[in-house]
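As structure tokens, the structure follows; a few thoughts come after it.
Protein chains in written order, with the working numbering: chain A, 1 to 394; chain B, 1 to 394.
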């Protein structure tokens with residue numbers, strides 16, 4: 001069973017840093033302050049559940065990154081980042097959730113002490129955990145600096161996965177398959193929903209064949225019947241019932257890498273409208289997989305999916321896919337490209353997506369999805385290998 | 001097995017709304033825009049894993065609150081909030097993670113259409129999920145409005161728990177006890193850590209005696225040996241080893257209410273320094289529980305704990321407690337009061353805290369903690385009932 005430290009090679013981290021520095025240069029940034037935990041991990045290897053307090057990584061054009069965070073979490077940084085110990089900066093605990101001080105005051109003092117008080121500093125203004133107050137505190141403390149919106153700057157560098165990353169996602173996909181196999185086996189009328197969730201977590205965390213499972217960035221979602229019209233309800237203790245469809249939105253996770261995978265199970269005999277939707281959705285998925293190849297655009301996948309659905313009288317308002325890979329709660333998406341009509345981003349080999357054309361109708365829902373890898377001259381490869389259909393237990 | 005909708009009585013929601021409106025009035029706010037998912041739930045009952053996109057609740061002085069969020073999540077809001085359906089506002093999916101539009105543009109248009117464009121609007125500038133960009137987008141779209149920092153305004157109203165809330169926390173505490181009993185039983189040298197985490201989730205989600213388990217706002221934390229110096233590392237697939245202490249930081253959760261509970265297990269014969277720390281810590285906990293009573297201040301608990309620890313030569317830098325109750329990831333704390341020397345907040349009956357004096361030393365860690373309820377004329381009541389000690393398996 002493989003152990004913890006340093007998930008990736010030194011060369012891989014250097015590749016990531018080089019991409020980020022090029023993007024900083026294009027954006028005219030002297031420094032970049034990264035607060036999105038996924039971006040922090042991608043750049044430095046930092047892994048810990050500490051993103052509920054202010055923390056971040058400072059990226060320099062010409063020196064190793066610095067991890068900055070709460071004093072007690074410096075111990076976790078020392079154990080997980082590839083940089084040397086002097087690249088870990090800790091702020092005192094009295095800044096934490098204080099009513100009179102803000103941790104960004106400590107960060108600003110570091111910038112000033114480094115002689116960087118008049119820099120152009122990129123900040124992730126719409127990434128997770130960089131609050132409006134954090135922004136204003138930095139702004140107030142660094143009157144000579146220019147704070148530049150660098151939302152998504154690092155996320156865009158993460159789009160094309162290295163072979164090392166794809167290997168992690170393949171492991172996550174084995175766990176995803178195990179989860180779905182288990183729930184299809186176990187769900188029966190009368191079984192309380194939380195019992196099934198307990199088994200899903202068991203499969204997810206035990207993992208497969210010596211691959212241990214990490215926590216997914218989103219909890220299992222499994223609404224039934226008319227509640228399946230609402231994509232993000234979580235579970236309770238009520239039993240599964242005959243005559244209802246339940247979609248299962250789950251992901252295996254290996255060292256923070258995900259392979260989301262959704263299937264739907266109907267208990268009993270499905271009504272015609274659901275079977276009708278299933279046929280159109282499967283046709284749309286297959287057309288979308290065909291369109292999801294290097295050189296095509298994100299919108300080509302969305303349009304390929306839409307055609308058979310519209311023929312069947314189904315109009316979806318929502319996007320039907322997003323990039324995936326490394327992530328932390330609250331989302332397993334990368335928040336860059338969206339499979340939607342207006343997104344003309346050109347797909348490149350090595351990009352990975354959750355192709356996610358969920359149907360959330362008036363009083364039922366249907367999810368059949370695939371995590372995919374974009375290839376040259378071929379339809380997308382699916383990370384998981386299970387029948388692409390509505391499962392039925394009568 | 002109890003089911004899902006409307007966890008609390010109408011009177012309870014009216015109590016919460018009245019407290020919030022009084023606080024708005026004191027702060028001179030015409031409107032309050034609440035984005036912290038815990039505050040959204042506390043005020044309206046809204047429950048769903050949708051906080052990865054922009055959403056919020058608008059609180060009015062003189063009308064029912066409005067839930068505002070992504071189109072597809074409106075279905076979840078319709079199913080969980082106590083307000084009527086016309087108090088659910090949905091924005092179109094093309095705003096989601098768009099490169100050209102921001103969801104706050106939709107919100108601002110609602111404020112303008114309501115004739116509220118020149119209001120004093122409270123925003124939670126340092127609560128979770130209100131990004132710097134969200135703030136600027138509102139600021140740009142509402143040139144006549146005044147955006148006022150209302151960080152923690154609702155959180156402070158949540159401090160004193162109702163009997164209904166305390167009943168939920170007692171259920172969560174039964175689950176916390178079950179988790180700790182299970183892991184003390186199962187952890188042995190050689191057992192991979194992720195296997196134990198799978199069992200922890202099993203106990204947490206299955207729940208106890210017909211009480212189903214919800215997902216805790218923080219994943220189980222269980223670092224061993226020298227890694228236990230780092231409080232927020234998560235697990236991997238390595239086995240437990242003889243000669244190491246592992247602390248287990250876990251919480252049962254019932255309908256988003258928590259009762260965090262930590263115990264430490266040593267495999268083998270504990271060294272003198274850990275036993276020495278255990279004795280001082282238990283003495284400090286007992287002194288702290290004695291001090292944690294209505295009329296005393298938050299700092300009195302911290303000082304009571306510190307005295308025996310300092311006598312034993314242990315200086316803690318970190319705060320030793322925070323309020324708990326309803327929560328969503330990434331934190332199960334309420335982010336108001338802190339048990340620390342400088343916090344002079346007076347304790348009141350019905351307040352609930354995680355009294356959390358974790359010791360994170362150079363090369364080991366020790367956590368023995370209690371979730372507590374403040375009472376009049378008596379030491380704090382502990383929600384869980386298990387021996388307050390270092391557990392040892394030889």
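The beta carbon of each residue, even a glycine, is placed where N, CA and C say it ideally should be. Every value quoted in this text rests on a predicted model; they were computed, and no experiment measured them.
Query, Result
"Beta-ladder partner(s) of residue 149/B, from DSSP", "123/B"
"Residues of the segment 112-138 of chain B with Cβ closer than 8 Å to any Cβ of chain A, in chain order", "123, 125, 126, 127, 128, 129, 130, 131, 132, 133, 134, 135, 136"
"8 Å Cβ cutoff, residue 230/A in contact with chain E", "Although the question refers to chain E, the structure presented lacks it and instead comprises the protein chains A and B."
"Straight-line Cα distance separating residue 352/A from residue 374/A", "6 Å"
"Sequence-distant residues of its chain with Cβ nearer than 7 Å to residue 255/B (five each side left out)", "7, 168, 214"
"Beta-carbon proximity list for residue 37/B, same chain, < 6 Å, skipping 5 on both sides", "51, 328"
"8 Å Cβ cutoff, residue 72/B in contact with chain A", "yes"
"Residues bridged to residue 83/B [DSSP beta-bridge criterion]", "The partner list for residue 83/B (beta bridge, DSSP) is empty, contrary to what the question assumes."
"Spatial neighbours of residue 98/A in its chain, beta-carbon cut-off 7 Å, leaving aside the 5 residues before and after", "none"
"Residue from 383/B, 141/B, 13/B whose Cα sits closest to the Cα of residue 116/B", "141/B"
"Residue 367/A burial status per 10 Å Cβ neighbour count (16 or more: buried)", "buried"
"Length of the line joining the Cα atoms of residue 270/B and residue 188/B", "15 Å"
"Where the beta strand (DSSP E) through residue 260/A begins and ends", "257-267"
"Sub-8 Å separation of residue 360/A and residue 216/A beta-carbons", "no"
"Any chain B beta carbon closer than 8 Å to residue 39/A", "no"
"C-beta neighbour in chain A for residue 338/B, strict 8 Å", "yes"
"In chain order, each alpha helix (DSSP H) run of at least 4 residues that lies wholly inside the segment 149-197 of chain A", "153-157, 163-186"
"At least 3 beta-carbon pairs within less than 8 Å: the segment 161-178 of chain B vs the segment 258-277 of chain B", "yes"
"Proximity to residue 106/B [Cα-Cα], best of 296/B, 190/B, 91/B, 221/B", "91/B"
"Nearest residue (CA-CA) to residue 156/A, options 364/A, 348/A, 382/A, 49/A", "348/A"
"Same chain, Cβ closer than 8 Å to residue 118/A, five either side skipped, listed in chain order", "144, 145"
"CB contact below 8 Å: residue 68/B versus chain A", "no"
"First through last residue of the beta strand (DSSP E) which encompasses residue 242/A", "No beta strand (DSSP E) contains residue 242/A, which DSSP labels as neither H nor E."
"For residue 342/A and residue 224/A, the rounded distance between their alpha carbons", "32 Å"
"Beta-ladder partner(s) of residue 336/B, from DSSP", "DSSP, once it has assigned bridges, lists no residue as partnering residue 336/B."
"As assigned by DSSP and simplified to three states, the class of residue 131/B", "strand"
"Span separating the alpha-carbon of residue 162/A from that of residue 310/B", "51 Å"
"Residue 111/B: first and last residue of the uninterrupted alpha helix (DSSP H) it sits in", "103-113"
"Per DSSP, the bridge partner or partners of residue 322/B", "354/B"
"Cα-Cα separation, residue 1/B to residue 22/B", "Its pLDDT being 36, under 50, residue 1/B is placed unreliably by the model, and the measurement read from it follows with that caveat. Going from the Cα of residue 1/B to the Cα of residue 22/B covers about 37 Å."
"Beta-carbon proximity list for residue 55/B, same chain, < 6 Å, skipping 5 on both sides", "69"
"Contacts of residue 364/A in chain B (Cβ-Cβ under 7 Å)", "Ordered by position in chain B, no residue passes the 7 Å Cβ test against residue 364/A, which lies about 11 Å from the chain."
"Contacting positions in the segment 85-106 of chain B - beta carbon closer than 9 Å to chain A", "92, 93, 94, 96, 97, 98, 99, 100, 102"
"Three-state secondary structure assigned by DSSP to residue 310/A", "helix"
"DSSP bridge partner residues for residue 33/A (one or two, in chain order)", "58/A, 123/A"
"CB contact below 8 Å: residue 335/B versus chain A", "yes"
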